Amino acid sequence: MSLNSFAHSLDSLYSLSRKSHYLKVCLICCSLTNRHQEHASPIMALPKRILKEIERLTADPPPGIVAVPSEENLRYFSITMEGPRQSAYEGGKFHLELFLPEEYPMMPPNVRFLTRIYHPNIDKLGRICLSTLKKDWSPALQIRTVLLSIQALLGAPNPDDPLDNDVARIWKEDEPQAIANAREWTKKYAMGSS
Numbered sequence: 001m002s003l004n005s006f007a008h009s010l011d012s013l014y015s016l017s018r019k020s021h022y023l024k025v026c027l028i029c030c031s032l033t034n035r036h037q038e039h040a041s042p043i044m045a046l047p048k049r050i051l052k053e054i055e056r057l058t059a060d061p062p063p064g065i066v067a068v069p070s071e072e073n074l075r076y077f078s079i080t081m082e083g084p085r086q087s088a089y090e091g092g093k094f095h096l097e098l099f100l101p102e103e104y105p106m107m108p109p110n111v112r113f114l115t116r117i118y119h120p121n122i123d124k125l126g127r128i129c130l131s132t133l134k135k136d137w138s139p140a141l142q143i144r145t146v147l148l149s150i151q152a153l154l155g156a157p158n159p160d161d162p163l164d165n166d167v168a169r170i171w172k173e174d175e176p177q178a179i180a181n182a183r184e185w186t187k188k189y190a191m192g193s194s
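If you read the sequence shown in our numbering, its first letter stands for residue 1, the second for the next number, and so on.
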């Protein structure tokens with residue numbers, strides 16, 4: 001089978017299975033490992049740990065979180081995260097990006113919100129103040145743990161360790177107003193058709 005016919009078969013199979021992220025990852029991995037040796041294969045450079053994490057994330061995703069690796073770079077993930085129930089972010093679907101540096105798991109992943117969010121621990125650029133991504137990082141932690149920690153941060157904002165000082169000040173001085181602002185931003189930016 002030529003590389004072109006293999007790619008065409010793969011595209012046909014993929015189009016039939018767009019709803020299954022797990023099958024998509026299997027197809028990506030299969031296509032990368034079945035290419036001719038003269039073609040560089042990015043999957044060969046990935047540690048088994050990352051491949052296992054990708055497989056687990058797609059086969060058994062955390063509740064309310066979808067993590068899809070990029071076809072071009074399996075170290076880059078597109079994340080969709082539902083706001084936790086009974087929080088100011090409930091009903092919102094937030095888009096994030098996650099990138100695994102070459103040093104992963106010795107270094108934490110880089111994660112940021114793409115969806116605008118009103119939160120004391122997330123700044124206007126989407127950067128996240130979370131100890132798990134900084135001083136409390138451990139190579140024993142996984143992508144799944146990081147994503148669940150971020151989702152938990154949405155349910156329990158911490159204005160005492162802010163990244164956005166203005167939001168934190170309002171959260172401390174007038175929490176009901178801060179929660180109302182967060183709900184308004186969630187409705188405006190995270191409940192649209194995106």
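Beta carbons: idealized from backbone N, C-alpha and C, even for Gly.
Every value quoted in this text rests on a predicted model; they were computed, and no experiment measured them.
Nearest candidate by alpha-carbon position, reference residue i, set the options
{"i": "Glu72", "options": "Leu46, Pro84, Thr58, Thr132", "result": "Leu46"}
{"i": "Glu103", "options": "Pro139, Leu130, Met191", "result": "Pro139"}
{"i": "Leu163", "options": "Gln142, Ala178, Leu125, Pro84", "result": "Leu125"}
{"i": "Glu184", "options": "Gly91, Asp123, Ser78", "result": "Gly91"}
{"i": "Pro101", "options": "Ile50, Ala168, Ala182, Pro176", "result": "Ile50"}
{"i": "Gln86", "options": "Ala182, Lys188, Ser70", "result": "Ala182"}
{"i": "Leu96", "options": "Pro84, Ile117, Pro105, Ala88", "result": "Ile117"}
{"i": "Phe77", "options": "His119, Val146, Thr132, Ser131", "result": "Val146"}
{"i": "Gly108", "options": "Leu130, Val167, Pro62", "result": "In the sequence under discussion, the amino acid at residue 108 is Pro, which differs from the Gly named in the question. Ranking Leu130, Val167, Pro62 by Cα distance to Pro108 puts Leu130 first."}
{"i": "Asp123", "options": "Pro157, Lys135, Leu148", "result": "Pro157"}
{"i": "His119", "options": "Ala180, Leu57, Gly192", "result": "Ala180"}
Residue i to residue j span [Cα, whole Å]
{"i": "Glu53", "j": "Ile143", "result": "7 Å"}
{"i": "Thr115", "j": "Lys48", "result": "31 Å"}
{"i": "Ala59", "j": "Asp161", "result": "35 Å"}
{"i": "Ser70", "j": "Tyr189", "result": "24 Å"}
{"i": "Glu55", "j": "Met81", "result": "18 Å"}
{"i": "Lys134", "j": "Gln177", "result": "30 Å"}
{"i": "Glu38", "j": "Val68", "result": "Because Glu38 sits at a pLDDT of 41, beneath the cut-off of 50, its placement in the model cannot be relied upon, and the following sentence gives the value as read from the coordinates. Glu38 and Val68: Cα-Cα distance of roughly 28 Å."}
{"i": "Glu175", "j": "Leu148", "result": "24 Å"}
{"i": "Tyr89", "j": "Val66", "result": "17 Å"}
{"i": "Gly155", "j": "Gly192", "result": "21 Å"}
{"i": "Thr132", "j": "Leu141", "result": "9 Å"}
DSSP bridge partner residues for residue i (one or two, in chain order)
{"i": "Val68", "result": "Ser78"}
{"i": "Ile122", "result": "His119, Ile128"}
{"i": "Glu97", "result": "Ser78, Arg112"}
Assumed close pair residue i, residue j - CB separation to whole angstroms, cut-off 8 Å
{"i": "Asn121", "j": "Leu153", "result": "6 Å"}
Proximity of residue i and residue j at Cβ, strictly below 8 Å
{"i": "Phe99", "j": "Arg127", "result": "no"}
{"i": "Gln195", "j": "Pro84", "result": "Nothing can be reported for residue 195: it is not among the residues displayed for the chain, which extend from 1 to 194."}
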